[in-house]
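Number of protein chains: 2
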Amino acid sequence: MIKTQVIKLSELKNHCKTCSLYDLCLPMGLESGDLDSLDNVIKRRQSVNKNNFLYRMGEPLKSVYAVRSGSFKTYLTNPDGTEQIIGFSLPGELLGMDAISDAQHVCTAKALETSSVCEIPYDRLETLALEIPNLQHQLMRLMSKEIQQDQNLMLLLAQMPAETRLASFLLGMSERLSNRGYAANDFNLSMSRGDIANLLGMAVETISRLLSHFQENGVLKVERKHITILKLDTLRKLATHCASNRSNSSQAS
Amino acid sequence: MIKTQVIKLSELKNHCKTCSLYDLCLPMGLESGDLDSLDNVIKRRQSVNKNNFLYRMGEPLKSVYAVRSGSFKTYLTNPDGTEQIIGFSLPGELLGMDAISDAQHVCTAKALETSSVCEIPYDRLETLALEIPNLQHQLMRLMSKEIQQDQNLMLLLAQMPAETRLASFLLGMSERLSNRGYAANDFNLSMSRGDIANLLGMAVETISRLLSHFQENGVLKVERKHITILKLDTLRKLATHCASNRSNSSQAS
DNA sequence: TTAGTAACTTGATCTAGATCAACCCTACAT
DNA sequence: ATGTAGGGTTGATCTAGATCAAGTTACTAA
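Line by line, the protein sequences give chains G and Y.
Under the numbering used here, read the first sequence as residues 1 to 253, first letter to last.
Under the numbering used here, read the second sequence as residues 254 to 506, first letter to last.
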């Protein structure tokens, strides 16, 4: 039996090769043939509506996901029902890798807006990674990157004052968005003030006040979710604010 | 030319197969033949004296390390020279995987006491992982585990009060040590109060005070570095202390 | 043995940022 | 168009835990 080989434009543009996120995402640096193999494993274009779940804490790990468009928040739920946001995921980023260790998701991923993802069945990804050295390496790199990012957030949470945390968060968003081809100094935050506060370990009121201050100082223009960075240098300075030199953060002795 | 095949006892006991940490460490679950392959790649018995470095921030990634005995702290150094401790490493744990992403170490690992490690050249490990599916999977699991641990620390830092942080830290040490065959409720902390304070984002004085309180309440016995857990249940309760139900940690809506 | 230093403890004070309270938008539903 | 709820802002107060200060160990080195 011979299959007809009609290629539709709508399908074509869904392939990794032609995806605009190509060099941010998992297939980065793969050669053409390998890319095709990966392409065959990926289930494209799952769509997730705002406030819907990509996966929930406790579910068995079936797939990891690459964000194509939109954004997600991932969070842990405490025994008492409160949540702790772990991070936000933007297009080109991989979601769900925390689940590999226990073969089940340890956090929940919820769409902040209508979003779409590529679903990648994890067992097939691992199998494929055995055959494509570059893919294995890329996977390791991505996980390592996530460790790095989490560690940077830990640093922020452990010793930086509120102002520095928020400045650093905004700067991070700006950088990530500009990597994805969006404007670096003019963007919309898809998450609420409450979500930002939760991530950064502070109260909503503090976020609100700091945004106002930043606006008063002419560092930002803030209109609801829409942020314009007016003084990038100043923001950068605020984000690298030195911790006070006290004993709990002494020099390496 | 025929090599003499004398097996010394001192060498034998250094192999993964006979290592007491076998089922905590990288080779967990590998079959006999695969274990031998891994064994050939590992450089055993690097010894690191107290306060010496296993690797330093900025160095190119050559190897990852499995702790055999002793303990390490890993930390970032801020531009202003202050340090932020990322975690402590105990026997059976892998060190250096944050470096994979950028092929250079982004944190420094320093021995808290005289320690020994197995050095595993990273490029050879990756190559071997392509041949041994189980090893690849194990590597992914370990990295995923590290992500999980970091995320739990983030939760602690972002919304838990000081008492909960310290209780949780002590409980974690107790669990990890008991997994390694040490007593669960009677152990020595190899790190200083300052290091604990730094990790948990609080002042040394607060650590000191809390340890005193725990002792007054009969939860712990504290003699300098030596900790005895007297009331495990109470400590567990303290460690899971509910966050107050405020807006920055709202229910999933 | 003793001087010197780093780690630790305990108490007194201070402050960043949480909490409490009141209000204002803006979007959506009736 | 109008009511209503969730998100956001702003101000007043409060507090956990940082900071400052002053010892007290306990280890290191000569």
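Even glycine gets a Cβ: it sits at the ideal position worked out from N, Cα and C.
As assigned by DSSP and simplified to three states, the class of isoleucine 42 (chain G): Per DSSP, reduced to three states, the secondary structure at isoleucine 42 (chain G) is coil, with no helix or strand assignment.
Beta-carbon proximity check, proline 91 (chain G) vs valine 64 (chain G), cutoff 9 Å: Cβ distance not < 9 Å, so proline 91 (chain G) and valine 64 (chain G) don't count as in contact.
Other residues of its chain near leucine 348 (chain Y): CB distance less than 6 Å, five sequence neighbours each side excluded: These residues qualify, in order along the chain: Tyr318, Ser342, Ala362.
Nearest-angstrom beta carbon gap, methionine 143 (chain G) and isoleucine 400 (chain Y) [assumed within contact, 8 Å]: 7 Å between Cβ atoms; contact.
Extent of the continuous beta strand (DSSP E) run through alanine 67 (chain G): Note that residue 67 (chain G) is valine in the sequence shown here, rather than alanine. Run containing valine 67 (chain G): 63-69, per the beta strand (DSSP E) assignment.
First through last residue of the alpha helix (DSSP H) which encompasses threonine 417 (chain Y): Looking at the DSSP string, the run of the alpha helix (DSSP H) that includes threonine 417 (chain Y) is 415-432.
Any C-beta of chain G under 9 Å from that of aspartate 276 (chain Y): By this cut-off, aspartate 276 (chain Y) is not an interface position.
Alpha carbon of leucine 238 (chain G) to alpha carbon of threonine 380 (chain Y), nearest angstrom: Cα to Cα, leucine 238 (chain G) sits roughly 43 Å from threonine 380 (chain Y).
Classification of histidine 105 (chain G) by the beta-carbon crowding that lies within 10 angstroms, buried from 16 upward: In summary, histidine 105 (chain G) is buried, with 16 or more beta-carbon neighbours lying within 10 Å of its beta-carbon over all protein chains present.
Every unbroken beta strand (DSSP E) within the region 71-124 of chain G, with a cutoff of 3 residues, ordered by chain: Listed in chain order, the complete beta strand (DSSP E) runs (minimum 3 residues) inside the region 71-124 of chain G are 72-77, 83-89, 108-111, 115-121.
Chain Y within 9 Å of proline 121 (chain G), Cβ atoms only: No, its Cβ sits nowhere closer than 9 Å to a Cβ of chain Y.
Per-residue DSSP class, three states only, for threonine 271 (chain Y): Look at threonine 271 (chain Y) here: in three-state DSSP terms it is helix.
Residues that methionine 154 (chain G) contacts on chain Y, provided the C-beta gap is smaller than 8 Å: Counting only Cβ-Cβ distances below 8 Å, methionine 154 (chain G) has contacts in chain Y at Gln337, Ile339, Asp403, Leu406, Met407, Leu410, in chain order.
Proximal chain G residues relative to threonine 493 (chain Y), where beta-carbon distance stays under 9 Å: Taking the beta carbon of threonine 493 (chain Y) as reference, the chain G residues within 9 Å of it are Asn78, Pro79, Asp80, listed in sequence order.
Leucine 307 (chain Y) to isoleucine 338 (chain Y) span [Cα, whole Å]: Leucine 307 (chain Y) and isoleucine 338 (chain Y): Cα-Cα distance of roughly 15 Å.
Cβ of valine 475 (chain Y) within 9 Å of any chain G Cβ: Not one beta carbon of chain G lies nearer than 9 Å to the beta carbon of valine 475 (chain Y).
Serine 208 (chain G) vs phenylalanine 187 (chain G) beta-carbon contact at 9 Å: Against a cut-off of 9 Å, the Cβ pair of phenylalanine 187 (chain G) and serine 208 (chain G) comes out as no contact.
For glycine 81 (chain G) and asparagine 498 (chain Y), the rounded distance between their alpha carbons: Summary for asparagine 498 (chain Y): the model assigns pLDDT 40, below 50, so the residue's position carries little reliability, and this model does not support an answer.
Nearest to asparagine 52 (chain G) (by Cα), restricted to the options G:Arg45, G:His213, G:Thr114: When each option's Cα is compared against that of asparagine 52 (chain G), the closest is G:Thr114.
Closer than 9 Å to chain G by CB, glutamate 312 (chain Y): No, glutamate 312 (chain Y) lies away from the interface with chain G (no Cβ there is under 9 Å from its Cβ).
Near-chain Y residues of the region 133-145 of chain G (beta-carbon distance less than 9 Å), N- to C-terminal order: Taking 9 Å as the Cβ-Cβ cut-off, the region 133-145 of chain G approaches chain Y at Pro133, Gln136, His137, Leu139, Met140, Arg141, Leu142, Met143, Ser144, Lys145, given in chain order.
Option nearest glutamate 476 (chain Y) by Cα separation, candidates Y:Ala415, Y:Leu442, Y:Ile373: Ranking Y:Ala415, Y:Leu442, Y:Ile373 by CA distance to the CA of glutamate 476 (chain Y) puts Y:Leu442 first.
The region 367-377 of chain Y in contact with the region 152-169 of chain G per 3-pair CB rule at 8 Å: Cβ pair count under 8 Å is below three, so no.
Nearest-angstrom Cβ-Cβ length linking alanine 415 (chain Y) and threonine 459 (chain Y), presumed shorter than 8 Å: Right, the Cβ-Cβ distance comes to about 5 Å (below 8 Å), so this counts as a contact.
Cβ distance (whole Å) where asparagine 302 (chain Y) is taken to contact alanine 364 (chain Y) below 8 Å: About 6 Å separates the two Cβ atoms, so the contact holds.
is_contact[asparagine 198 (chain G), chain Y] using C-beta, thresh 9 Å: Chain Y contact via Cβ: present.
Same chain only: Cβ atoms within 6 Å of leucine 430 (chain Y), ignoring 5 sequence neighbours per side: If we look at leucine 430 (chain Y) and ignore the five residues flanking it on each side, its Cβ neighbours are Phe440.
Collapsed DSSP secondary structure at serine 212 (chain G) in the structure displayed: Reduced to three states, the DSSP call for serine 212 (chain G) is helix.
Nearest-angstrom Cβ-Cβ length linking glutamine 46 (chain G) and leucine 383 (chain Y), presumed shorter than 8 Å: With a Cβ gap of about 29 Å, glutamine 46 (chain G) and leucine 383 (chain Y) do not count as contacting.
Beta-carbon contacts of alanine 456 (chain Y) that lie in its chain and below 7 Å, excluding the five residues immediately before and after: The residues are Ala450.
When G:Leu211, G:Thr240, G:Gly181 are compared against serine 69 (chain G), the one with the closest alpha-carbon: Comparing Cα-Cα distances from serine 69 (chain G) to each of G:Leu211, G:Thr240, G:Gly181, the minimum goes to G:Gly181.
Buried or exposed (CB count within 10 angstroms, at least 16 for buried), proline 332 (chain Y): Per the 10 Å Cβ criterion, exposed.
Distance cut-off 8 Å: valine 222 (chain G) Cβ against heavy atoms of the ligand ZN: Only the bare structure without any ligand can be found here, which leaves the ligand ZN out of the picture.
Cβ separation of lysine 398 (chain Y) and serine 32 (chain G), assumed to be a contact under 8 Å, to the nearest whole Å: About 34 Å; that fails the 8 Å criterion.
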